[in-house]
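Colleague: First the structure, then my questions, so here it is.
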Amino acid sequence: MGLVHGEEMVLNIGPQHPATHGVLRLQVRTDGEVVSQITPYMGYLHRCFEKHCENVTYEQVIPYTDRCDYLSSMSMNFGYVVAMERLMDIKVNERVEHIRVVMAELQRIASHLLCTGVFGLDLGAFTPFLWALRDRERILDLFEFTCGARLLYNYMWVGGLSHDIPVGFVESTFEFLDYFEPKIDELENILAHNKILVERSADIGVMPKDIAISYGVTGPNLRASGVKWDLRKNDSYSIYDRFEFDIPIGEGKKGTVGDCWDRFYVRILEMRESVKIIRQALASMPKDGDVHQSLPKKIRPPKGSVYARTETPRGDLGYYIESDGSPIPYRLKMRSPAFTALSVMDEIAAGWLLSDVLAILGSLDIVLGEIDR
Amino acid sequence: MVKFFTDIYTATSTILGGMIITINHLFTAKRGIATLQYPEERWPRPERDIGFDHGSYNVIRSRLHVDMDDCIGCLKCERACPVNCIKIETSKAPERGEDIKDVKHIGITSNDSRKAMVVTRFDIDMTECCYCNLCTYPCPEECIFMTGGPNSKKHPIDYEFSEPDRSDLIYRFAKPGTKEGMEKLLNDDNKVEA
Amino acid sequence: MTVDFIFEGLNQLFPSFAGNDIFLILAMLLPFAGLFGFITIYGFGVIYSELKVSSFIQDKIGPMGQGPGLHAGKWGLLQPVADGLKLFFKEDIIPASADKPLFILAPFLIFIGAFISIIAVPFGEKIIVADMNIGIFYVLGIGSLAVIAVILAGWSSNNKWALYGGMRSAAQIISYEIPAGISLVVVIMLTSSLSMQEIISYQAGGLFNWVIFDNPFMPIAFVIYFISALAETNRTPFDLPESESELVAGFVTEYSGARYALFFLSEYANMFVVSAVAATAFLGGWQSPFSDFLNTPIWSMFWMISKTFFLIFVMIWIRWTVPRLRVDQLMHVCWKVFIPIGLFNIFGVAIWTVLRG
Amino acid sequence: MSQEKEKLIAELVNKGLDGDMDSVNACEDRVTRSKVKAMIMKIKKGSLDRPQMPVSLSDTPNESDDTGKTDDKTTEDISQKIKNMLLDNFPDETDETGQDGHMYVRPDKWLDIATWLKSESSLLFDSLQCQMGIDVGEDILESRYNLHSMVHDHYLEVRIRVARSNAKIPSVEQVWRIADWFERETYDMLGIEYVGHRDLRRILLPDDWEGWPLRKDYKEQETYHGIVVPKMKEGWD
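Heads up: the sequence lines are chains A, B, C and D, in that order.
The numbering of the first sequence is the numbering used here, which starts it at 1 and goes up by one.
The numbering of the second sequence is the numbering used here, which starts it at 1 and goes up by one.
The numbering of the third sequence is the numbering used here, which starts it at 1 and goes up by one.
The numbering of the fourth sequence is the numbering used here, which starts it at 1 and goes up by one.
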């Protein structure tokens, strides 16, 4: 469509803006409503995570990993712990593995709930956001019941867990799952198939497969573009290969494959898969087994390096740990999934209208704590 | 032309469907209340249908509290803290396990281990504490703990501890005057020997 | 006309001073004071109901006002009062680079636009401030005054977001006046009179004489009018001008304190006006649904207000359910959906009235 | 631990006991090597008896590379195959000194190696998993690339050593688009200059920040635009 070109205006969707999911500045060159170029500026939330890790011992790094992606800190712990156990060749017993899978999947549901709620909020639907938060509170109560904290847990330690799950935990989780399943359908009915939301998100911000891979996008954003890649299946760690669950990918029901709607809908389907995994994990969890069994007294990994990846709600989280044999890490690099998701923003969001740019940003589900580290 | 009408039909049907869901919430609001009237209903929230009561918590994350009579000054919590927000200074006690009257120092701890050091300064900077609970595990006497939850016998839950002035958030758990008392004591000993 | 009615009343009361100017001024000021009182009470009522309805929809119970000290009344009833007081005592900042006179003028302009259109709203047989013979036409005309105020607010606060909000809102209000006008033309074709009282008296005699049940085209016209009324008052599927998540707060970004309260109040006043017009034109104004029962003047006021409040409740209900439209979708819906259907409606009603004879 | 590891350890322990210590030291994986030595010590002290010699064992005791691979998938042959292909295509560029399944590559022709790695039909490394920079001391900076192929699902870690004084590495952001931001972050943190990058500037730190924080010899600046950088806390120490 022939655009009438007025002169360009530079607009700062500034570090302090309701729709930037944290402290991010999008410098946008717009001509009227049509956005021609986006340059994200980050670093407002940079807390020198990697420099800190070079001054604290391996046990003390765990509270720092919590604070990178504060919306799914259980998965951040899980990633670090898997990397460390692979470096130090520690094998944890069955009960710990099952508890870790249950906790990671509960955290995935909580994170996806918040993401779908906020995506609706970015498009103007206020109520589903509050319903999503209400359900998320139930999960946070379960975490609080186990490790005391609601958001930043420091729960998974290298070689085990900080606490075993309390007595009433399994029943409470089953109760939560039965309560939660009709709620997903309710969220889907009010948001996913709503014509206005479909109109606002179908065929918008389409991310084709090769761009996604070349930009290193992972997680639900990649699966929405039709690539069936999930670390829990393709490069399975912990005991994920024992559970049978399928990986939802975007089929372009309401538009083309890989558009905003697909990224949103894939997360809703993934929540259902996580509920399936939790049910199987809780069923097959061994009753006995001490969670402190293989906790090393003093963590001194042998000299060498490891790069291990786990599937967080936002994508592949990689920890590259280089140790020189001392109890303090020599170098720790965290490969953050939201970092790559934000890098694709300029590619897929240029040329759309201002409100679409924010819808695309919402569908990518980025968390600034993890990007800035 | 057909798309014109199907669009209208899907628009009206989905919006009406959504509105029916919201109106259900309006009428069943009493049962689904998720919020808490803060000044009256405080945390810990009354047992909701998730069914766990306050005492059976595994661990709690709230304000740190140190029970000075049991602290033997082993500095393990100071080393375990990832953000270095604990600072302890100790001085040698003249005899191991003896009470020292004028600095109110009790020689024997509750699980009767004898104290070799007198803790003259025990500061925790609550503005820096990241509530990770790593300091409570290594403590041999379990004298540093987070208030409430399983420890509510020792100290009731206290999560409303905001202060107008930030320097009030540096908690000084050492008994006041122990530092000067110990210095005076040391001077007296020196004078006696000299 | 209420002004003459009060003027004669005063003359009889004080025959010695009959006929001098003070009575005329007084006759004009009294309805103004009455309306202003009505607006503030209505404002508190609708803000409270929006708070409560949105809280119940979101599984909250909203402000309940327990606890010691200054709190929000028994069931949060004082919450609107608290909001109003807070806004009035807040310091209202005028940005240094703002265009000061226009910045100050905009909120008053938009409030005047909303306020004077209530003059034509009939509350009962006799209870109307000014029963003009061009009632509906007057209301539509005044409705477009808001456009000027919004552009003024957007431009004068010298802020990119405000400019965006102002431009979007101007386009939206102007383009949605056409479908609103078209759907009212259909009503006027039936009642063949522009005056509000005559439209309502045409719908006398029970529920099935209302315009909405008159012929199959009327419900379509009602829906089109209602949705474009939503757009004119910037309510949710169309609340692009002050969309929180995109434009920070649209044209009210730089406003604070009393000026913001005026914008806030005029939005609700506008809501009242459009739902009152909808109730008058389609739902039989102050006519009672039972043909000859309960139509004393007091009851007629009750019917009028309850119909309007029901429509306001539907507006609030939609606000907390539906996401927001994009600007070009907004234009698409108006020009490509509502106006064609509206024109088809006029054609249909014309054929219908001719056939029915 | 998987069976191969036990067999490998038993075989190395026997060789070690027969005095052939260099095969023990040549073993790839330092974890197994440390276990083997510990076992030999115990046997010498007599607190452990000698394991019998395992029968079938592949002749190249090459431990699977540790980049994110689980033990059961046999990856020894793949990473070895990749290394051999790399060696014969770019003989003077790559050298085999690396263990743990990664390759050391000289920086100057890295861009063509990268495009070759991506386009070679049997390799197809289409996704750059993670790129990180590290200061390995003695005036050497390393830039490490973890590559992964979605199609063949195999891994490779490429390391490039560069002197600290003139750290210049050709940028591969034409090959993998994500390298654009990864390299900007490594430049931001370690000061490795990526030649040919479209706009190499700091990504996380403010643009006018002096020094490269993740270098081991980094001293933080006293004030930044007048703000005192190391946090002073009164009444604390």
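We treat Cβ as the ideally placed atom computed from N, Cα and C, and that holds for glycine.
Thinking C-alpha only, which one of Leu134/B, Phe122/B, Val83/B is nearest Glu128/B?
Modeller: One-based indexing of the second sequence puts residue 128/B at position 128. It is Val83/B.
Colleague: Hey, how far is the Cα of Arg335/A from the Cα of Tyr215/A?
Modeller: Translated into positions along the first sequence, residue 335/A becomes position 335. Translated into positions along the first sequence, residue 215/A becomes position 215. Their backbone Cα atoms lie some 13 Å apart in a straight line.
Colleague: For Cys334/C, which residues from the same chain have a beta carbon less than 7 Å from its beta carbon, with the 5 sequence-adjacent residues on both sides left out?
Modeller: Locating residue 334/C in the third sequence gives position 334, where the first residue counts as 1. These residues qualify, in order along the chain: Ser175, Tyr176, Pro179.
Colleague: Given a threshold of 16 other Cβ atoms within 10 Å of its Cβ, counted over all protein chains shown, does Asp108/D qualify as buried or as exposed?
Modeller: The count along the fourth sequence starts at 1 and reaches residue 108/D at position 108. Exposed: under 16 other Cβ atoms inside 10 Å.
Colleague: Using the C-alpha atoms, what's the distance from Pro206/D back to Phe309/C?
Modeller: The residue given as residue 309/C occupies position 309 in the third sequence. The residue given as residue 206/D occupies position 206 in the fourth sequence. If I take the Cα positions, the gap works out to 55 Å.
Colleague: Quick one: Cα of Phe182/D to Cα of Thr256/A, how far?
Modeller: To locate residue 182/D, count along the fourth sequence from 1; it is residue 182. To locate residue 256/A, count along the first sequence from 1; it is residue 256. If I take the Cα positions, the gap works out to 30 Å.
Colleague: Between which two residues does the beta strand (DSSP E) carrying Pro213/D extend?
Modeller: Position 213 of the fourth sequence holds residue 213/D. No beta strand (DSSP E) holds Pro213/D; DSSP gives it neither H nor E.
Colleague: Looking at the unbroken beta strand (DSSP E) that takes in Ala279/C, where does it start and where does it end?
Modeller: The residue you call residue 279/C lines up with position 279 of the third sequence. Premise fails: Ala279/C lies in the alpha helix (DSSP H), 257–282, not in any beta strand (DSSP E).
Colleague: Tell me the rounded alpha-carbon separation between Arg114/B and Asp102/B.
Modeller: Translated into the one-based positions of the second sequence, residue 114/B becomes position 114. Translated into the one-based positions of the second sequence, residue 102/B becomes position 102. So the two alpha carbons sit approximately 19 Å from each other.
Colleague: Using DSSP's beta-bridge definition, name the partner residues of Ser289/D.
Modeller: One cannot answer for residue 289/D here, as it falls past the ends of chain D, which runs 1 to 237.
Colleague: What are the complete alpha helix (DSSP H) segments, minimum 4 residues, inside the region 128–173 of chain C?
Modeller: Entirely contained in the region 128–173 of chain C, the alpha helix (DSSP H) runs reaching 4 residues are, in chain order, 135–143, 145–156.
Colleague: In chain order, what residues of the same chain lie with their CB nearer than 6 Å to the CB of Lys52/C, ignoring the 5 residues before and after it?
Modeller: Start at 1 with the first residue of the third sequence, and residue 52/C comes out as number 52. Once the five neighbours on either side are set aside, the close Cβ partners of Lys52/C are Gly62.
Colleague: Taking 8 Å as the CB-CB cut-off, is Asp372/A touching chain D?
Modeller: Numbered from its first residue, the first sequence carries residue 372/A at position 372. Taking Cβ atoms only, chain D reaches closer than 8 Å to Asp372/A, which makes this a yes.
Colleague: Can you grab the Cα-Cα spacing for the pair Gly51/B / Ser284/A, in whole Å?
Modeller: Locating residue 51/B in the second sequence gives position 51, where the first residue counts as 1. Locating residue 284/A in the first sequence gives position 284, where the first residue counts as 1. With a pLDDT of only 48 at Gly51/B, under 50, the local geometry of the prediction cannot be trusted, and no value is derived from it.
Colleague: Classify Arg25/A as helix, strand or coil using the three-state DSSP reduction.
Modeller: The count along the first sequence starts at 1 and reaches residue 25/A at position 25. Looking at Arg25/A - three-state DSSP - the assignment turns out to be strand.
Colleague: For Asp112/B, report the span of its beta strand (DSSP E) as first-last.
Modeller: For the purposes of this step, residue 112/B is taken as the residue at position 112 of the second sequence. No beta strand (DSSP E) holds Asp112/B; DSSP gives it neither H nor E.
Colleague: Near Phe180/A, which residues of its chain fall below 8 Å by C-beta distance, leaving aside the five closest residues on each side in sequence?
Modeller: Residue numbering aside, residue 180/A sits at position 180 when the first sequence is read from its first letter. The answer, listed in chain order, is Ile109, Asp135, Arg138, Val275.
Colleague: Give the C-beta separation of Ile196/A and Leu325/C to the nearest angstrom, bearing in mind that I take them to be a contact with Cβ-Cβ under 8 Å.
Modeller: In the first sequence, residue 196/A corresponds to position 196, counting from 1. In the third sequence, residue 325/C corresponds to position 325, counting from 1. Sure, about 6 Å apart at Cβ, within 8 Å.
Colleague: Exposed or buried, Thr186/D, counting other C-beta atoms within 10 Å across all chains shown (16 or more means buried)?
Modeller: Numbered from 1 along the fourth sequence, position 186 holds the residue referred to as residue 186/D. Buried.
Colleague: From the DSSP secondary-structure annotation, give me the bridge partner or partners of Asp243/D.
Modeller: As displayed, chain D neither begins before 1 nor continues past 237, which places residue 243/D out of reach and without an answer.
Colleague: Using a beta-carbon distance below 8 Å, is Phe251/C in contact with chain B?
Modeller: Position 251 of the third sequence, counting from 1, holds the residue named residue 251/C. It does not: the Cβ of Phe251/C has no partner Cβ on chain B nearer than 8 Å.
Colleague: Assuming Ile157/B contacts Ser91/B (C-beta within less than 8 Å), just tell me the rounded distance between them.
Modeller: The sequence position of residue 157/B within the second sequence is 157, counting from 1. The sequence position of residue 91/B within the second sequence is 91, counting from 1. Contact doesn't hold; Cβ gap of about 34 Å is too wide.
Colleague: Contact defined as beta carbons within less than 8 Å: I believe Ala167/D pairs with Gly137/D. What is the distance between those atoms, to the nearest angstrom?
Modeller: For the purposes of this step, residue 167/D is taken as the residue at position 167 of the fourth sequence. For the purposes of this step, residue 137/D is taken as the residue at position 137 of the fourth sequence. Incorrect: roughly 14 Å between the Cβ atoms, too far for contact.
Colleague: Tell me whether Pro39/B is buried or exposed, calling it buried when 16 or more other Cβ atoms sit within 10 Å of its Cβ.
Modeller: One-based indexing of the second sequence puts residue 39/B at position 39. The residue in question, Pro39/B, is exposed, as its Cβ has fewer than 16 Cβ neighbours within 10 Å.
Colleague: For the region 242–260 of chain C against the region 279–291 of chain C, are there 3 or more C-beta pairs whose distance is under 8 Å?
Modeller: Touching, no.
Colleague: Grab me the residues of Pro15/A's own chain with a C-beta within less than 6 Å of its C-beta, minus the 5 sequence neighbours each way, in chain order.
Modeller: By one-based count along the first sequence, residue 15/A stands at place 15. So the list reads Val23, Arg25, Tyr44, once near-sequence residues are dropped.
Colleague: Is there a Cβ of chain D sitting closer than 8 Å to that of Ser284/A, yes or no?
Modeller: Position 284 of the first sequence, counted from the first residue, corresponds to residue 284/A. So, not an interface residue.
Colleague: Rounding to the nearest angstrom, what Cα-Cα distance links Ser195/C and Ala171/C in this structure?
Modeller: Translated into the one-based positions of the third sequence, residue 195/C becomes position 195. Translated into the one-based positions of the third sequence, residue 171/C becomes position 171. So the alpha carbons of these two residues sit roughly 29 Å apart.
Colleague: The ligand GTP and Leu140/A: does the residue's C-beta get closer than 7 Å to at least one heavy atom of that ligand?
Modeller: The ligand GTP is absent from the structure shown, which contains no ligands of any kind.
Colleague: At least one CB of chain C closer than 8 Å to the CB of Pro46/B: is that the case?
Modeller: The residue labelled residue 46/B in the question sits at position 46 within the second sequence. Because the pLDDT of Pro46/B is 48, which lies under 50, any placement of that residue in the model is unreliable, and the question is left without a value.
Colleague: Which residues, taken in chain order from the region 326–357 of chain A, show a beta carbon closer than 7 Å to some beta carbon of chain D?
Modeller: Cβ contacts with chain D come from Arg331, Lys333, Arg335, Phe339, Thr340, Ser343.
Colleague: Which residue wins for smallest C-alpha separation from Ile321/A, given the options Arg309/A, Pro313/A, Gly315/A?
Modeller: On the first sequence, position 321 is the one that residue 321/A refers to. Per the Cα distances, Arg309/A.
Colleague: In chain order, what residues of the same chain lie with their CB nearer than 8 Å to the CB of Leu147/D, ignoring the 5 residues before and after it?
Modeller: Here residue 147/D is taken as the residue at index 147 of the fourth sequence, counted from 1. Hits under 8 Å: Leu117, Phe125, Ser127, Leu128, Gln129, Tyr155, Leu156, Glu157, Val158.
Colleague: How is the beta strand (DSSP E) around Arg106/D delimited, first residue to last?
Modeller: What you label residue 106/D is simply residue 106 of the fourth sequence in a count that begins at 1. Looking at the DSSP string, Arg106/D is not in any beta strand (DSSP E), and its letter there is neither H nor E.
Colleague: With 16 other CB atoms within 10 Å as the buried threshold, where does Glu97/A fall?
Modeller: The residue you call residue 97/A lines up with position 97 of the first sequence. Buried: at least 16 other Cβ atoms inside 10 Å.
Colleague: First and last residue of the alpha helix (DSSP H) that includes Ser377/A?
Modeller: Nothing about residue 377/A can be reported from this structure: the residues present for chain A run from 1 to 373 only.
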